[in-house]
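Enquirer:
Numbering (the UniProt record's numbering), first residue to last: 1 to 250.
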C-alpha cells in the first residue's frame, strides 16, 4: 500500500488505512470503564428547555441559549459551532487551574520526514500539553469526514507534547489515550485515541505499523429524532464531566 503524505487537515480514511488505524463504536461501559457517570453539573434551566425561556436568567444560562441558537443556525464559514463548543468547555470548568480553551490552534507534526500541519477547531491545553481536541463536522458544507482529521490532530498534539517536554528537560510521554470530540451541529461524539511512539515513528518513516490502533467512539444515545441535537447535548453533559478527558478532569 502506498503511504500518503499531507496536511492533517486533508486526512481521510485513506490515511487511517495506510497507518493501520480503525475507529470502533463502544458502549458507555466499554468507553468509560464504568456503568455510572457523574450527574451533569448544569442548571435545570438548560436541561429542561429547548429554547431560551421567558423571565430572568443567570449570565451562563443566557449565554448558553445565545451560543446554542447561533450554532443551530450557523451558515457556511461561520465559527458558531466552535464558539458553542468552547463555551461548553468553559462552563464545565475545563479552563480551571492552569488550563485554557483555545480556538483554531495550529499544530504541526512529521510525515515522511516532512513537517505538516493540523488545525484544532477547539482545544484544551496548558503551558506544556494539549489535553483535549474538538473538531467540527462540516459535511453539510463539504464531504470531509472529521474523524480522520481529529485523529491527525491527536497525533500532532502528542508530537508537540513530547517536543515541549524534551525542551523542558522532562521525560517523553508513554503511550496515551488522547480524548477528542467531533461536533455534529450542537451534538458531540466522543473519542479515545491511542497514540504511541511507535505510531509516530510509522508516520515519520512512512511505514505500515504492525500493530493496529483502535480508536473508540461513543455516540450518546438519543430517543427523539426530532430533538436529536438538543437531546444529544443533554445526554452528553455528564459524559463531558466524566472520564472523557482524564488528564483535564482527573
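Glycine is no exception: its CB is placed at the ideal position from the N, C-alpha and C atoms. Keep in mind that this is a model prediction, so the values were computed, not measured.
Spell out the partners DSSP gives residue 191 in its beta bridges.
Expert: 180 and 217, per the DSSP bridge assignment.
Enquirer: How would you label residue 198, buried or exposed, when you count the other beta carbons within 10 angstroms and need 16 or more for buried?
Expert: Residue 198 is exposed by the Cβ-count criterion.
Enquirer: Suppose only complete runs of 3+ residues qualify. What are the beta strand (DSSP E) ranges in the segment 76 to 115, listed by chain order?
Expert: The segment 76 to 115 contains these whole beta strand (DSSP E) runs: 100 to 111.
Enquirer: How would you label residue 124, buried or exposed, when you count the other beta carbons within 10 angstroms and need 16 or more for buried?
Expert: Buried: at least 16 other Cβ atoms inside 10 Å.
Enquirer: Considering Cα atoms alone, identify which of 71, 42 and 127 is closest to residue 58.
Expert: Selected option, being the one with the closest Cα: 42.
Enquirer: In the DSSP assignment, the alpha helix (DSSP H) including residue 24 goes from what residue to what residue?
Expert: Careful: residue 24 lies outside any alpha helix (DSSP H), inside the beta strand (DSSP E) at 21 to 25.
Enquirer: Give me the DSSP bridge partner(s) of residue 122.
Expert: BP columns for residue 122 point to 103 and 134.
Enquirer: Spatial neighbours of residue 105 within its chain, please: C-beta separation below 6 Å, excluding the five flanking residues on both sides.
Expert: Excluding sequence neighbours, residue 105 sits near 120 and 123.
Enquirer: With distances taken from CA atoms, which of 64, 80 and 26 is nearest residue 135?
Expert: Nearest C-alpha to residue 135: 80.
Enquirer: What residues in its chain sit with their C-beta under 7 Å from that of residue 74, if we drop five residues either side in the sequence?
Expert: Result list for residue 74: 80 and 81, in chain order.
Enquirer: Hey, is the segment 196 to 214 in contact with the segment 10 to 27, meaning 3+ C-beta pairs nearer than 8 Å?
Expert: Yes, the segment 196 to 214 is in contact with the segment 10 to 27.
Enquirer: Quick one, are the C-beta atoms of residue 93 and residue 126 less than 7 Å apart?
Expert: Cβ atoms of residue 93 and residue 126: not closer than 7 Å.
Enquirer: What residues in its chain sit with their C-beta under 6 Å from that of residue 31, if we drop five residues either side in the sequence?
Expert: Excluding sequence neighbours, residue 31 sits near 216 and 218.
Enquirer: Compute the Euclidean distance between the alpha carbons of residue 203 and residue 90, then round it to the nearest angstrom.
Expert: Each residue's Cα considered, the two are about 33 Å apart.
Enquirer: Quick check on the burial criterion: 16 or more other C-beta atoms within 10 angstroms. Buried or exposed for residue 201?
Expert: That one is exposed.
Enquirer: Go ahead and label residue 15 buried or exposed: buried means 16 or more other beta carbons lie within 10 angstroms of its beta carbon, across all protein chains shown.
Expert: Buried, because 16 or more other Cβ atoms sit within 10 Å of the Cβ of residue 15.
Enquirer: Alpha carbon to alpha carbon, how far is residue 88 from residue 53? Give it in angstroms, no decimals.
Expert: Straight-line Cα distance between these residues: approximately 19 Å.
Enquirer: What's the call for residue 150, buried or exposed, on a 16-neighbour Cβ count within 10 Å?
Expert: Buried, by the Cβ-count rule.
Enquirer: Please classify residue 147: is it buried, with 16 or more other beta-carbons within 10 angstroms of its beta-carbon, or exposed?
Expert: Classification for residue 147: buried.
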